[in-house]
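Only one structure is covered here, and it is reproduced in the block below.
Residue numbers (the working numbering): 63 to 205.
Spelled out as structure tokens, the structure:
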């Protein structure tokens with residue numbers, strides 16, 4: 063996955079004792095690495111196929127840029143507020159993406175999968191993604 067994600071920012075979230083990273087990639091990488099993460103979190107709703115998502119599917123084919131999706135990962139780093147090694151965080155994301163789960167964007171990714179089967183689908187279009195890294199899953203979920 064190296065060199066397929068373009069990282070932009072890394073911020074410390076003091077509430078979850080974690081990190082928030084913004085990045086972008088393309089639809090091809092999202093289909094390969096993000097879509098398999100759908101359904102990993104038992105409390106998420108199932109994908110819907112509504113009129114709205116049919117329109118989104120058409121818009122993806124036409125070239126829209128979707129709102130960012132959010133992928134969560136549990137991390138082993140100790141919080142060091144003023145001494146964050148960005149490259150360690152970025153490498154962790156790239157190396158452990160298979161252990162993540164979709165925190166926000168299941169419907170958009172499912173729609174992207176449907177759009178990918180269409181004739182004029184452009185897999186090189188950009189997709190924006192937020193990564194949230196926390197010490198535990200419980201810190202990521204608001205109940």
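Ideal placement from N, C-alpha and C gives every residue a C-beta, glycine not left out. As the structure is a prediction and not an experimental result, all values here were calculated from the model.
- Residue 68 counts as exposed, since fewer than 16 other beta carbons sit within 10 angstroms of its beta carbon.
- Taken through DSSP and simplified to helix, strand or coil, residue 184 comes out as coil.
- For the 9 Å CB-CB criterion, residue 176 and residue 140 do not form a contact.
- Per DSSP, the unbroken beta strand (DSSP E) holding residue 72 starts and ends at 68 to 75.
- Your pair residue 192 and residue 130 checks out as a contact, with CB atoms roughly 5 Å apart and the cut at 8 Å.
- Shown here for residue 123: same chain residues with a beta carbon closer than 7 Å to its own, the five before and five after excluded, namely 177, 180, 182, 183 in chain order.
- One thing to note: residue 85 has its Cβ no nearer than 9 Å to the Cβ of residue 134.
- Shown here, residue 88 sits in a strand according to DSSP, grouped into three states.
- For a cut-off of 8 Å, the C-beta gap from residue 151 to residue 72 is around 6 Å, short enough to register as a contact.
- When the Cα atoms are used, residue 115 and residue 170 turn out to be separated by approximately 8 Å.
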